[in-house]
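Participant:
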Amino acid sequence: MWGGRFAAGPASVMREINASIPFDKRLWKQDIAGSKAHVAMLAKQGIVSAEDAQAISGGLDTIAAEYEASGVPVNLDLEDIHMVTESRLAELIGPAAGRLHTARSRNDQVATDFRLWVRDAIDEVEAGLEQLQQALLARAEEHDDAVMPGFTHLQSAQPVTLGHHLMAYREMVRRDRSRFADARARLNECPLGAAALAGTGFPIDRHATAAALGFAKPTDNSLDSVSDRDFALDYLMAATQLALHLSRLAEEFIIWASQPFGFIKLPDAYSTGSSIMPQKRNPDAAELVRGHAGRIMGCMNALCVTMKGLPLAYSKDMQDDKPPVFEAHDLIGLSIAAMTGMIETVTFRTDRMRALAESGFATATDLADWLVREANVPFREAHHITGRAVAAAESAGTPLADLPIETLKAIDPRIDERIYAVLTVDASVASRKSHGGTAPDQVRARIAQARKEKA
Ligand code: ARG
Numbered sequence: 003m004w005g006g007r008f009a010a011g012p013a014s015v016m017r018e019i020n021a022s023i024p025f026d027k028r029l030w031k032q033d034i035a036g037s038k039a040h041v042a043m044l045a046k047q048g049i050v051s052a053e054d055a056q057a058i059s060g061g062l063d064t065i066a067a068e069y070e071a072s073g074v075p076v077n078l079d080l081e082d083i084h085m086v087t088e089s090r091l092a093e094l095i096g097p098a099a100g101r102l103h104t105a106r107s108r109n110d111q112v113a114t115d116f117r118l119w120v121r122d123a124i125d126e127v128e129a130g131l132e133q134l135q136q137a138l139l140a141r142a143e144e145h146d147d148a149v150m151p152g153f154t155h156l157q158s159a160q161p162v163t164l165g166h167h168l169m170a171y172r173e174m175v176r177r178d179r180s181r182f183a184d185a186r187a188r189l190n191e192c193p194l195g196a197a198a199l200a201g202t203g204f205p206i207d208r209h210a211t212a213a214a215l216g217f218a219k220p221t222d223n224s225l226d227s228v229s230d231r232d233f234a235l236d237y238l239m240a241a242t243q244l245a246l247h248l249s250r251l252a253e254e255f256i257i258w259a260s261q262p263f264g265f266i267k268l269p270d271a272y273s274t275g276s277s278i279m280p281q282k283r284n285p286d287a288a289e290l291v292r293g294h295a296g297r298i299m300g301c302m303n304a305l306c307v308t309m310k311g312l313p314l315a316y317s318k319d320m321q322d323d324k325p326p327v328f329e330a331h332d333l334i335g336l337s338i339a340a341m342t343g344m345i346e347t348v349t350f351r352t353d354r355m356r357a358l359a360e361s362g363f364a365t366a367t368d369l370a371d372w373l374v375r376e377a378n379v380p381f382r383e384a385h386h387i388t389g390r391a392v393a394a395a396e397s398a399g400t401p402l403a404d405l406p407i408e409t410l411k412a413i414d415p416r417i418d419e420r421i422y423a424v425l426t427v428d429a430s431v432a433s434r435k436s437h438g439g440t441a442p443d444q445v446r447a448r449i450a451q452a453r454k455e456k457a
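Note that the sequence shown covers residues 3 to 457 in this note's numbering.
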C-alpha cells in the first residue's frame, strides 16, 4: 500500500509483529459498515462519482457475503482487516476500489470500527445482564422468607433471608447495567473523518456518516478522535466490576456447595465429577467464573498499561488495544451465562440454612436489643448480659431460644418470658423492617419495585 516510498519489503518478523489480521478480523462487519457509510457520503458530497460509489458499495456487499460464508482470509502480508478488505475490493472491482480511502485514514477507520464493535459488545452484555437479573429476581421471590445465617467475617452474624441475600446481587447487577449504559452513551460519537490526525481538506460531511452508523454525533477533535481509547477502557472497567461481582457470588456458591455448609446442590449441568473419587461433585463452573474475573481484570490492566503515557496522536501500540477487549468480552459473556444458568437451576437447601441459622446464636443481637427496649438497659450492658447467655447456651449445647427461663433470669432478673418471642430466627428477620432491611415484607417490596425498574 505504500510501495511508492519503499524499495524493500518487510523482514519476516516485521510482517509477523506488524500484522493484526489474526485478531482484528473480528471487526469485519463494522469495517464494512463503516466503509459503506463513508463511500455513500463521498458520493453525496461529489467527492467520488455515483458509479464508483455504487461499484464500491456492491463490492463491499460481495465481500461481506464471502466473509460470512467462509470467514476472513488471514494474510499477514495484508496486515489488517482494513487492508485485507480493500485489496479484495480491488480484485473485485478494479481501480475504482482505490477511491474508497479518499478523505480517510486507517487511524479514523479503526477507531470507528472498534467503537462500533464495543457498542455491539455492550448491547450483548446488557442482554445477558437482563437475564441474570430476571434469574435473581425469580429465585429471590421464591425464597423471600427463607431464613439463612447472615455472615460477617464468614462467621454467623444475624439471620437474613435467602431472598434478601440474592437481592444484594441484584443491586450489584443494577449498578453494573448503569455503568455499561454510561459507557455506551459516552462511546457514541463517531471519529470517522478525523482522517490520520488533522482532519481533511475534502468537503466531507461527518454528521452524515455519524448518523448513518447510529452515532449521536461526530467527535469534536480530530487528534483526540484517533488517540482516544477511553471507550474500550470504559468497557473493560465496567466488565471488571461486573466480573468482581460475579466472582463473589461464584465464591459463595463454592462455599455453600461444600459438605460442611451444604446450603446448595449445584445441578449436574454445572458440575463435574472426579476421575478417581466417585463421590465428587465439583463446582467447576463457579470456580471458572471466579477465575475468569482475574483474567478480565488482567485485560483491563493490559490496556491501561498500553495507553499510559502515549503521546498524541496514533501510535502502533494502540493496535494492541483489541486482544484484551476481545478476550474480556468472551470471558464475561461465558461468566454471565454460566452464573445465570447456575442461579436458575441451583437447589437451595433451605432446611439446612435454617438449621444453621438457629444453631449459631444468630439472635444474640435480638436479645440485647430487647433488654434495651423493654428493660431500658444501656446497650453496652445488654451486650455483656447477652454474652453470658450465649456462653450458657454454648455450654448447654442448645440454641438461645431453648434456654430455660430460670437460666436466663439467673443471668439477669430483668429478662422475662416475652424474650422468647424475639429469639426465633423468624422473629429476628421479621423485625428488621428498616428501609432495605431483611424483613420479608421489605424484601418483597424491593422485588416488586425492582421488577418495575428499567435497569
Ligand atoms: N491495524 C491498525 C490498528 O489496529 C490500524 C491502524 C493503522 N494505522 C497506522 N497508522 N499504521 O491500530
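No residue lacks a Cβ here, since even glycine has one placed at the ideal position from N, Cα and C. As the structure is a prediction and not an experimental result, all values here were calculated from the model.
1) Output needed for Arg108: all residues of its chain with C-beta closer than 6 Å, excluding positions within five of it in sequence on either side, in chain order.
2) In the DSSP assignment, what are the bridge partners of Pro220?
3) May I have a chain-ordered list of the alpha helix (DSSP H) segments no shorter than 4 residues that lie completely inside the segment 252-335?
4) Could you check whether the segment 163-177 touches the segment 429-447, counting it as contact only if at least three pairs of C-beta atoms, one from each stretch, sit closer than 8 Å?
5) Could you check whether the Cβ of Asn303 sits closer than 8 Å to any heavy atom belonging to the ligand ARG?
6) Could you tell me how far apart the beta carbons of Ala241 and Leu118 are, in whole angstroms, since I believe they sit closer than 8 Å?
7) Does DSSP put Phe153 in a helix, in a strand, or in coil?
8) Run through the DSSP bridge pairs and tell me what Val162 is partnered with.
9) Taking the alpha-carbon of Val120 as reference, which of Thr426, Leu235, Ile338 has the nearest alpha-carbon?
10) Are the beta-carbon atoms of Lys267 and Thr274 separated by less than 9 Å?
11) In chain order, what residues of the same chain lie with their CB nearer than 6 Å to the CB of Val379, ignoring the 5 residues before and after it?
12) With a threshold of 8 Å, are at least 3 pairs of Cβ atoms found where one atom belongs to the segment 211-220 and the other to the segment 48-67?
13) With distances taken from CA atoms, which of Arg382, Val127, Ile334, Ser14 is nearest Ala295?
14) Hey, quick one: how far does the alpha helix (DSSP H) through Trp119 stretch, first residue to last?
15) Look up Phe1 in the DSSP assignment and say whether it is helix, strand or coil.
16) Assuming Ile449 and Leu139 make a contact with CB atoms under 8 Å, what is their CB distance in whole Å?
17) Taking the alpha-carbon of Ala315 as reference, which of Ser229, Ala330, Asp270 has the nearest alpha-carbon?
18) Nearest CA to the CA of Gly73: which residue from Asn303, Arg28, Gly5?
19) Spatial neighbours of Ala359 within its chain, please: C-beta separation below 6 Å, excluding the five flanking residues on both sides.
20) Please find out if some non-hydrogen atom of the ligand ARG comes closer than 8 Å to the beta-carbon of Gln32.
21) Going straight from the alpha carbon of Leu94 to that of Arg208, what length do you get?
22) Taking the straight line between their C-alpha atoms, what separation do you get for Pro285 and Ile256?
23) Consult DSSP for Asn20 and reduce its assignment to one of helix, strand or coil.
24) Just to confirm my understanding: we take Asp322, look at its own chain, exclude 5 residues before and 5 after, and list those with CB closer than 7 Å. What are they?
25) Here's a check: name, in chain order, each residue in its chain whose Cβ is nearer than 6 Å to the Cβ of Gln32, leaving out the five neighbours to either side.
26) Taking the alpha helix (DSSP H) that Arg420 belongs to, which residues open and close that run?
27) Given a cut-off of 9 Å, decide if Tyr237 and Phe182 are closer than it, judged by their beta-carbon atoms.
28) Have a look at Ala66 and Trp30 and give me their C-alpha separation to the nearest angstrom.
29) Am I right that Ala113 and Ser224 are in contact with their C-beta atoms under 8 Å? What's the rounded C-beta distance?
30) Per DSSP, what kind of secondary structure is Gln243 in: helix, strand or coil?
31) Mind checking which residues open and close the alpha helix (DSSP H) that includes Arg28?
32) In chain order, what residues of the same chain have a beta carbon less than 6 Å from the beta carbon of Glu346, not counting five sequence neighbours either side?
33) Which residues mark the beginning and the end of the alpha helix (DSSP H) in which Asp428 is found?
34) With 16 other CB atoms within 10 Å as the buried threshold, where does Phe217 fall?
35) Here's the rule: buried if 16 or more other CB atoms are within 10 angstroms of the residue's CB, otherwise exposed. What is Met16?
36) Put Leu80 into one of helix, strand or coil per three-state DSSP.
Facilitator: Answer, in terms of the structure:
1) Here the set comprises His84.
2) DSSP, once it has assigned bridges, lists Cys192 as partnering Pro220.
3) Runs of the alpha helix (DSSP H) lying entirely within the segment 252-335, each at least 4 residues long, are 286-309 in chain order.
4) Touching, yes, given that three or more Cβ pairs across the two stretches are closer than 8 Å.
5) For the ligand ARG, not one heavy atom lies less than 8 Å from the Cβ of Asn303.
6) That belief does not hold up - the Cβ atoms of Ala241 and Leu118 are roughly 18 Å apart, past 8 Å.
7) DSSP places Phe153 in strand when its eight states are reduced to three.
8) According to DSSP, which records beta bridges pairwise, Val162 is partnered with Met150.
9) The option with the nearest alpha carbon to Val120 is Leu235.
10) Inclusion of Lys267 and Thr274 in the CB contact set at 9 Å is not warranted, their separation being larger than that value.
11) Hits under 6 Å: Leu373.
12) Taking 8 Å as the limit for Cβ pairs, the verdict is that the segment 48-67 does not touch the segment 211-220.
13) Selection Arg382, Val127, Ile334, Ser14 evaluated against Ala295 yields Ile334 as nearest (Cα-Cα).
14) Segment 108-144, the alpha helix (DSSP H) holding Trp119.
15) A question about residue 1 goes unanswered here, because the residues of the chain that appear run from 3 up to 457.
16) By a beta-carbon distance limit of 8 Å, Ile449 contacts Leu139. Their separation comes to about 6 Å.
17) Minimum Cα distance to Ala315 is reached at Ser229.
18) Proximity to Gly73 across Asn303, Arg28, Gly5 peaks at Arg28, based on C-alpha coordinates.
19) Here the set comprises Val149, Met150, Pro151, Pro161, Val427.
20) Short note on Gln32: C-beta not closer than 8 Å to any heavy atom of the ligand ARG.
21) Going from the Cα of Leu94 to the Cα of Arg208 covers about 28 Å.
22) When rounded, the distance between both Cα atoms is 6 Å.
23) Reduced to three states, the DSSP call for Asn20 is helix.
24) Once the five neighbours on either side are set aside, the close Cβ partners of Asp322 are Thr308.
25) Correct list, in chain order: Asp115, Leu118, Trp119.
26) No alpha helix (DSSP H) contains Arg420, which DSSP labels as neither H nor E.
27) Taking 9 Å as the Cβ cut-off, Phe182 and Tyr237 qualify as a contacting pair.
28) Roughly 8 Å between the two C-alpha positions.
29) Taking 8 Å as the upper bound for CB-CB distance, Ala113 and Ser224 are not in contact here, some 11 Å apart.
30) In the structure shown, the three-state DSSP call for Gln243 is helix.
31) Per DSSP, Arg28 belongs to no alpha helix (DSSP H) and is neither H nor E.
32) For Glu346, the CB contacts under 6 Å within the same chain, skipping 5 residues up- and downstream, are Ala137 in chain order.
33) Here the alpha helix (DSSP H) through Asp428 covers 427-433.
34) With 16 or more other Cβ atoms within 10 Å, it is buried.
35) Answer is exposed; the Cβ neighbour count stays below 16.
36) Leu80 carries a helical assignment under DSSP once its states are collapsed to helix, strand and coil.
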